[in-house]
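Novice:
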Amino acid sequence: MTDHGEAGGQTHWRNRLRSTVEALTGELARLESELLSTRAVRANGGDDDEHDPDGIPLSSVLQTLEGQKARALTEIRVAEDALNDLQHGRYGVCRVCSMPIPASRLEIRPATTTCVSCAARAR
1 MTDHGEAGGQ THWRNRLRST VEALTGELAR LESELLSTRA VRANGGDDDE HDPDGIPLSS
61 VLQTLEGQKA RALTEIRVAE DALNDLQHGR YGVCRVCSMP IPASRLEIRP ATTTCVSCAA
121 RAR
């Protein structure tokens, strides 16, 4: 466990990660609601929008919403994995090189699992 996991720090990171999960869960609920209403419009005959020069086709809207939903689900899973790492003393340790992840990086990306060097090499 790094110093990121010590008593006061652990509470800070747990709160940050839980806040992230809560925000993403709210975003996911909003996206699911928007998907339902968009599908309802399409089911009620609003699917001939492909020829509307001023509007965005419902198929494009649905595709965008599905992509945003998938991203939110992934980010929730990543944040929950980080909470699990925190609970088991692995939070703040790079999964590639096993070196501590700087607190400055964790402040920007609390659920990150790699240090800056390893993240740069992965690109």
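Each residue of the sequence shown is one higher than the one before, counting from 1 in the UniProt record's numbering.
Backbone N, C-alpha and C fix where the C-beta goes; we use that ideal spot for every residue, glycine too.
#1: L62: which of C97, A23 and A43 sits nearest, CA to CA?
#2: Looking at the secondary structure, which residues open and close the alpha helix (DSSP H) in which R109 lies?
#3: Could you give the first and the last residue of the continuous alpha helix (DSSP H) run that contains I76?
#4: Between R105 and V41, what straight-line distance do the alpha-carbon atoms span, to the nearest angstrom?
#5: Our contact map puts K69 next to E32 with C-beta atoms below 8 Å; I'd like the distance itself, whole angstroms only.
#6: Give a yes or no on whether the C-beta atoms belonging to A111 and V78 are separated by under 7 Å.
#7: So for V96, helix, strand or coil by DSSP?
#8: Exposed or buried, which one is I56 when buried takes at least 16 other CB atoms within 10 Å?
#9: Have a look at H12 and Q87 and give me their C-alpha separation to the nearest angstrom.
#10: By Cβ distance, which residues of its chain are closer than 8 Å to R71, with the 5 residues on each side in sequence left out?
#11: Could you compute how far the alpha carbon of L35 sits from the alpha carbon of E66?
Specialist: Quick look at the numbers:
#1: Looking up residue 62 in the sequence shown gives position 62. When only C-alpha atoms are compared, the closest one is A43.
#2: For the purposes of this step, residue 109 is taken as residue 109 along the sequence shown, with counting starting at 1. Segment: none, R109 is in no alpha helix (DSSP H) and carries neither H nor E.
#3: In the sequence shown, counting from the first residue as 1, residue 76 sits at position 76. Unbroken alpha helix (DSSP H) run through I76: L58 to Q87.
#4: Position 105 of the sequence shown, counted from the start, is the residue given in the question as residue 105. Position 41 of the sequence shown, counted from the start, is the residue given in the question as residue 41. Going by the C-alpha atoms only, they are around 43 Å apart.
#5: On the sequence shown, residue 69 is found 69 positions in, with the first residue counted as 1. On the sequence shown, residue 32 is found 32 positions in, with the first residue counted as 1. Going by Cβ atoms, the distance from K69 to E32 rounds to 7 Å, so yes, they are a contact pair.
#6: Walking along the sequence shown from the start, residue 111 turns up at place 111. Walking along the sequence shown from the start, residue 78 turns up at place 78. Yes, the pair counts as a contact, with Cβ atoms nearer than the cut-off.
#7: The count along the sequence shown starts at 1 and reaches residue 96 at position 96. V96: coil per DSSP, three-state reduction.
#8: One-based indexing of the sequence shown puts residue 56 at position 56. I56 comes out exposed.
#9: Your numbering for residue 12 matches position 12 in the sequence shown. Your numbering for residue 87 matches position 87 in the sequence shown. Cα to Cα, H12 sits roughly 13 Å from Q87.
#10: Position 71 of the sequence shown, counted from the first residue, corresponds to residue 71. Counting only Cβ-Cβ distances below 8 Å, and skipping sequence neighbours, we find nothing.
#11: Here residue 35 refers to the residue found at position 35 when the sequence shown is read from its first residue. Here residue 66 refers to the residue found at position 66 when the sequence shown is read from its first residue. If I take the Cα positions, the gap works out to 8 Å.
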